[in-house]
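If you use our numbering, the sequence shown corresponds to residues 2 to 94, in order.
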Amino acid sequence: MKNLISIVSIVVLSNFSSFALAGADCKEYPKAEWMSVLDLQKRIVNDYGFTIKRFKIDDECYEIYGWETDASGKEQKIEVYFDAKTGDIVKKK
Numbered sequence: 002m003k004n005l006i007s008i009v010s011i012v013v014l015s016n017f018s019s020f021a022l023a024g025a026d027c028k029e030y031p032k033a034e035w036m037s038v039l040d041l042q043k044r045i046v047n048d049y050g051f052t053i054k055r056f057k058i059d060d061e062c063y064e065i066y067g068w069e070t071d072a073s074g075k076e077q078k079i080e081v082y083f084d085a086k087t088g089d090i091v092k093k094k
């Protein structure tokens with residue numbers, strides 16, 4: 002029984018650690034240097050062409066869930082992390 006509990010614990014913990022590693026590695030800046038949320042949202046829509054479903058702060062990154070239109074005109078779900086100071090894309094899934 003102890004072995005079963007140990008195995009289950011290892012599996013559960015390994016799954017949680019993979020979630021923790023799933024984010025992006027953004028550079029740390031003082032909050033005063035961060036791009037404003039409104040300015041970044043405008044850039045995301047106007048410059049990158051993404052549609053925003055959800056916008057949030059994830060550690061030192063801005064993060065969105067949304068859609069982008071591919072070359073064939075089909076919408077694809079996306080998850081994108083942005084540098085908080087520059088608004089550049091750090092990671093896109």
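C-beta atoms are modelled at their ideal positions from N, C-alpha and C, and glycine is treated no differently. Given the structure is predicted, the values throughout are model-derived calculations rather than measurements.
Residue i versus residue j: straight-line alpha-carbon distance, rounded
i   : j   : result
I53 : Q77 : 12 angstroms
G50 : T70 : 8 angstroms
E80 : W68 : 8 angstroms
I58 : E64 : 6 angstroms
R44 : S73 : 23 angstroms
A33 : L39 : 15 angstroms
K86 : M36 : 5 angstroms
Range of the contiguous alpha helix (DSSP H) that encloses residue i
i   : result
V46 : Looking at the DSSP string, V46 is not in any alpha helix (DSSP H), and its letter there is neither H nor E.
Exposed unless 16 or more other CB atoms sit within 10 angstroms - verdict on residue i
i   : result
E61 : buried
D26 : exposed
G88 : buried
V91 : buried
Given residue i as reference, the closest of the options once Cα atoms are compared
i   : options       : result
Y66 : M36, S37, K94 : K94
**Report entry** Every unbroken beta strand (DSSP E) inside the segment 56 to 94 [3 residues or more]
**Finding:** 62 to 70, 76 to 84, 90 to 93
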